[in-house]
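Have a look at the structure below before the remarks.
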Amino acid sequence: MTHVGFIGLGVMGSRMAGRLLEAGFAVTVYNRTPEKAVPLVNRGARQAATVTELAGEADVVCTCLSMPDDVIEVYTGEGGVLSAARPGTVCLDFTTVGPNTSRKVAEQADKRGIAYLDAPVSGGPEGAEQGTLTIMVGGAKDVWERVRPLLGVLGKTVEYLGESGAGSAAKVLNQYLVAVHTVAAAEAMVAGVAYGLDAGKLYRLLKESYGDSRMLRRHMEQFVLPRQFAPGGAVKYVHKDVRLANELMNETGIGRCLGGQTEAVFAEAITDGLADLDMSAVIQLFEQRVGVVVKETE
0 MTHVGFIGLG VMGSRMAGRL LEAGFAVTVY NRTPEKAVPL VNRGARQAAT VTELAGEADV
60 VCTCLSMPDD VIEVYTGEGG VLSAARPGTV CLDFTTVGPN TSRKVAEQAD KRGIAYLDAP
120 VSGGPEGAEQ GTLTIMVGGA KDVWERVRPL LGVLGKTVEY LGESGAGSAA KVLNQYLVAV
180 HTVAAAEAMV AGVAYGLDAG KLYRLLKESY GDSRMLRRHM EQFVLPRQFA PGGAVKYVHK
240 DVRLANELMN ETGIGRCLGG QTEAVFAEAI TDGLADLDMS AVIQLFEQRV GVVVKETE
C-alpha cells in the first residue's frame, strides 16, 4: 500500500487528505496547528509530530500550503522534506506558487534523488471534497505516470503540461482570469445598482448573456447576494496569485495591463480589512465608493 504524507490541512488540504483516506491510502498528516489534524486522525490518519517524521516514512509527500515562502521552507529549510525523505520519494506540491519557485525546489529535490512535481489545483473546497479538482502538473513525465492513480482520486481533469514549473505557470494564469473576472463582475454589479437596477434581475440577465462567467455566478449566488463572505478563496491568497501572474506576464513581455489594476484592487481590499474574507468581498470597495449594497431585493 502506498504510504502518503500530507502537509498542510487548511480548507483544501484537509479535504484532499480525506479523499485519499477514503480511497484506501495509508495517510500520515502534519499541520503547524496540530488541532487541525484531529478530524482526519478520527477518520484513520496518523498524525506526525514533525515534517521530518512524516517525510522519512512516506512514499509520496503531498503539500498544500499558503505562500511560496512556505513551500521553500517546508521543502528546503532545516528539518524540511528534502532533508528527511528517502531517495525515490515522490513529492507533489498542490500550492499555487510561481514557476520559479517550483523549479527551485525541483532542482534541490533532484540532487537528493527525490522526484518533485508542481501540481496546483483549481476547483475550490467543493472540488476537493468531491474529487473533481482540475490538477495542472509540471515535472518529469515518468513520475507523473507513476502518480496518476493517486491524482485521479483528487481530480477529474488531470493534465500533464511539461517540465518543472509548467503546472504552476498554468495555475497562475488561471488565477489571473479568476482575479480579473472577480473585479469586473463587482464593478458591473455595483454600477448597475448605483444606476437604479435591481441586483437580482440584473444578475439573472447577465448570467444568460455573453457577459456571463463562472466567477460572476459563484460570487453572486454564494456570497454577494446573500451577503455571506466567509471564504472560499480568501482575498489575501488571490492577491498573492495575481501578483505571481503579473510577474509571469512581465517575463513574457506582455507587461501589466488589466492584471496591474486588479492587483491594486486586491491590495486595497487587504488594506481595508478584507484580507480573510472571500475574494468576492472586493465588491465592498466599490459599494462603499458609491454608497450602494448589491443584494437580492425580491
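Residue numbers (numbering that gives the first Met the number 0): 0 to 297.
Glycine included, C-beta positions come from ideal geometry on N, C-alpha and C.
From a predicted model like this one, the values you see are computed outputs, not experimental measurements.
Next item on the list: Could you say if the region 88–99 and the region 57–73 meet the contact criterion of at least three C-beta pairs nearer than 8 Å?
Entry: yes
Notebook entry, point to check: How about Ala-178 and Glu-262: do their beta carbons lie closer than 9 Å?
Noted result: Taking 9 Å as the Cβ cut-off, Ala-178 and Glu-262 qualify as a contacting pair.
Notebook entry, point to check: Straight-line CA distance for Tyr-298 to Asn-245?
Noted result: Outside the shown range of the chain (0 to 297) lies residue 298, about which nothing can therefore be said.
Next item on the list: Report all residues from its chain with a CB closer than 7 Å to the CB of Arg-242; omit the five preceding and five following residues, and keep chain order.
Entry: Glu-262
Check: From Val-79 to Thr-51, what distance separates their C-alpha atoms?
Finding: In the sequence as displayed, the identity of residue 79 is Gly instead of Val. Whole-angstrom Cα-Cα distance: 6 Å.
Check: Just the Cα atoms here: how many angstroms apart are Met-303 and Lys-239?
Finding: A query on residue 303 cannot be resolved here, the shown segment of the chain reaching from 0 to 297 and no further.
Notebook entry, point to check: Taking the alpha helix (DSSP H) that Gly-17 falls in, what are its first and last residues?
Noted result: 10–21
Next item on the list: Compare the C-alpha of Glu-162 against each of Val-142, Val-171, Gly-151, Val-146 and name the closest.
Entry: Val-142
Next item on the list: Mind checking which residues open and close the beta strand (DSSP E) that includes Tyr-29?
Entry: Boundaries of the beta strand (DSSP E) around Tyr-29: 25–29.
Next item on the list: Note down the Cα distance separating Cys-61 from Ser-121, rounded to an integer number of angstroms.
Entry: Roughly 16 Å separates the two Cα atoms.
Check: Starting from Ile-134 and walking both ways along the beta strand (DSSP E), at which residues does that stretch end?
Finding: 132–137
Notebook entry, point to check: What span of residues does the beta strand (DSSP E) with Val-293 cover, start to end?
Noted result: No beta strand (DSSP E) contains Val-293, which DSSP labels as neither H nor E.
Margin query: Give me, in chain order, the residues of the same chain whose beta-carbon lies closer than 6 Å to that of Thr-27; leave out the 5 immediate sequence neighbours on both sides.
Written below: In chain order, Gly-4, Arg-45, Ala-47, Leu-53 place their CB closer than 6 Å to the CB of Thr-27, counting only its own chain and leaving out the 5 sequence neighbours on each side.
Check: For the 8 Å Cβ check, are there 3 or more pairs between the region 132–150 and the region 100–119?
Finding: Yes, the region 132–150 touches the region 100–119.
Item checked: is_contact[Ala-185, chain B] using C-beta, thresh 9 Å -> Included in the structure is just one protein chain, with no chain B present.
Check: Is it the case that the Cβ atoms of Phe-228 and Asp-271 are separated by a distance below 9 Å?
Finding: no
Notebook entry, point to check: So, helix, strand or coil for Tyr-159, using DSSP?
Noted result: strand
Next item on the list: Might you give, ordered along the chain, the residues of its own chain that have their beta carbon closer than 7 Å to the beta carbon of Gly-87, omitting 5 neighbours on each side?
Entry: Gly-112
Notebook entry, point to check: Is the CB-CB distance between Ala-127 and Met-11 below 9 Å?
Noted result: The answer is yes: Cβ separation under 9 Å.
Next item on the list: Below 8 Å CB to CB, which residues in the same chain sit around Val-40 once its five sequence neighbours on both sides are set aside?
Entry: Apart from sequence neighbours up to five positions away, the residues of its chain that approach Val-40 with a beta-carbon distance below 8 Å are Val-28, Gln-46, ordered along the chain.
Item checked: Of the residues Gly-258, Cys-256, Lys-206, Ala-169, the one placed nearest Ala-187, counting alpha carbons only -> Lys-206
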